[in-house]
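Asks: In my numbering, the protein residues as written are 77 to 259.
Even for Gly, the Cβ is constructed at its ideal location relative to N, Cα and C.
No experiment lies behind these values; they were computed from the predicted model shown.
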Amino acid sequence: MNFRPAIKFCSQCGSATEQAIPSDGDTRLRAMCTGCGMVHYQNPLNVVGCIPVTDDGRILLCKRNIEPRWGKWTLPAGFMELDETTSQGAARETDEEAGADIEMGRLFSVISVPRVAQVHLFYCARLRSETLNPGYETIEARLFQPADIPWDELAFRTVSITLQRYLEDRAAGSIQVHNIDLT
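Listed below in structure tokens is the structure:
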């Protein structure tokens, strides 16, 4: 399944594009402008988020107030913006979705999802306060004991896998970085 919509017009000059392989040694079909020759590259989007955890081990989840997957639970995460690092984006998304004050930790998981042209990056994070102020994208932000995580109500497979790996690592006493390909 090709998730990427075709680029039909050049963003530089407005001319139509055609699918062709650039002559610069590239090996993939690209949208190439028939007017000015500009090559339009389409690359995956980065989704950045974190696993916010209290000192006593509860995990922050947010109930989505937007599609896709309205009403389902997720870790705070979203699309990375220009001019920010992945960890800055994860912190911003956590503030926007949960109004949570966190101390950002290290990278925990990198999950490639080629079917939807995305890469999901999750960081470990420590909640500095249990005061939450969810934004408009969130119906409810709540702290869950690991045994109470609503596994059947999680919004995304990447969130489920990240939480499973986090809890496995925590039980083993060694938090690792996980590189996962969802094909």
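Once you ignore the five residues that flank residue 111 on each side, which residues in its own chain have a CB closer than 8 Å to its CB?
Replies: If you ignore the 5 residues before and after residue 111, its C-beta comes within less than 8 Å of the C-beta of 86, 89, 90, 91 and 92, all in its own chain and listed in chain order.
Asks: Identify every residue that forms a DSSP beta bridge with residue 179.
Replies: 202
Asks: For residue 178 and residue 203, which I take to be in contact (beta-carbon distance under 8 Å), what is that distance rounded to the nearest angstrom?
Replies: 6 Å
Asks: Relative to the C-alpha of residue 201, which residue among 227, 247 and 130 is closest?
Replies: Per the Cα distances, 130.
Asks: For residue 119 and residue 186, which I take to be in contact (beta-carbon distance under 8 Å), what is that distance rounded to the nearest angstrom?
Replies: No, residue 119 and residue 186 are not in contact; Cβ-Cβ is about 16 Å, not under 8 Å.
Asks: To the nearest angstrom, report how far apart residue 122 and residue 165 are at their CA atoms.
Replies: 10 Å
Asks: Using 8 Å as the threshold, is the region 132-150 in touch with the region 222-234, meaning 3 or more CB pairs across them?
Replies: yes
Asks: If contacts are defined as beta-carbon pairs under 8 Å, then residue 216 and residue 210 qualify, I think. What distance do you get, rounded to the angstrom?
Replies: 7 Å
Asks: Applying the criterion that 16 or more other CB atoms from any shown protein chain within 10 Å of the CB defines a buried residue, is residue 153 buried or exposed?
Replies: buried
Asks: How about residue 245 and residue 251: are their beta carbons less than 7 Å apart?
Replies: yes
Asks: Quick test of your reading: residue 126 and residue 199, contact by CB under 8 Å. State the CB separation rounded to the nearest angstrom.
Replies: 4 Å
Asks: How long is the line joining the alpha carbons of residue 225 and residue 135, rounded to whole angstroms?
Replies: 8 Å
Asks: Beta-carbon separation of residue 205 and residue 180 under 7 Å?
Replies: no
Asks: May I have the straight-line CA-CA distance separating residue 167 from residue 259, to the nearest angstrom?
Replies: 28 Å
Asks: Does residue 197 pass the burial test, meaning 16 or more other C-beta atoms within 10 Å, or should it be called exposed?
Replies: buried
Asks: Please report the distance separating the alpha-carbon of residue 144 from that of residue 171.
Replies: 20 Å
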